[in-house]
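The structure appears right after this line, and notes come after that.
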Amino acid sequence: MKDDADTLVFETTLDAPPEKVWRALSIPEYLERWLQPPADAEISVVAADENKSLTYRWREPGEGTAAEPEESLVTFEISPREDGGTWFRLTHAPIALPQPANSNEPVMMLAA
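If you count by the working numbering, then the sequence shown holds residues 1432 to 1543, one letter each, in order.
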């Protein structure tokens, strides 16, 4: 079961039509312009439903190691609004959180 505390959800409306928003999300050159991912991040498409949703797997060294980089899923959902604009939701959820070396439980604190 996924812990919602580990998930970032952002919703808004955009003045652009869904087709234009889709291009900004799905064309790598456009995505890099506004998202500006870290240079060492590996981003790959996991799922796509044209003009509706797009999910990327985001991998970067960060706090992880070269053998176990940090990974998360970034999902963009869009739908048309009656005014010609777009409803937009971004969901960023970790696949697995790194385990701390010391969980600071009472037993570990006593051992220190």
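We put the beta carbon where it would ideally sit given N, CA and C, even for glycine.
For residue 1471, which option in 1460, 1458, 1492 has the closest C-alpha, if you only look at C-alpha atoms?
-> Along the sequence shown, read from residue 1 onward, the residue named residue 1471 stands at position 40. In this structure, 1492 is the residue among 1460, 1458, 1492 with its C-alpha nearest to the C-alpha of residue 1471.
If you count every other CB in all the chains shown that lies within 10 Å of the CB of residue 1439, and 16 or more means buried, which is it?
-> As a first step, residue 1439 is located in the sequence shown; it is residue number 8 there, counting from the start. Around the C-beta of residue 1439, fewer than 16 other C-beta atoms lie within 10 Å, and the residue is accordingly described as exposed.
Would you mind reading off the limits of the beta strand (DSSP E) that contains residue 1442?
-> Here residue 1442 refers to the residue found at position 11 of the sequence shown. Where residue 1442 is concerned, the enclosing beta strand (DSSP E) stretches over 1439-1445.
Just to confirm, are residue 1484 and residue 1508 a CB contact at a threshold of 7 Å?
-> Reading the sequence shown from its first residue, position 53 is the one you call residue 1484. Reading the sequence shown from its first residue, position 77 is the one you call residue 1508. The criterion of a C-beta distance shorter than 7 Å is satisfied by residue 1484 and residue 1508.
Three-state secondary structure (DSSP) at residue 1524?
-> By one-based count along the sequence shown, residue 1524 stands at place 93. In this structure, residue 1524 counts as strand in the three-state DSSP scheme.
Name the two residues that bound the continuous beta strand (DSSP E) containing residue 1479.
-> For this step, residue 1479 is matched to residue 48 along the sequence shown. Residues 1473-1480.
Whose C-alpha, out of 1515, 1510, 1486, is nearest the C-alpha of residue 1502?
-> By one-based count along the sequence shown, residue 1502 stands at place 71. Of 1515, 1510, 1486, the residue nearest in Cα terms is 1486.
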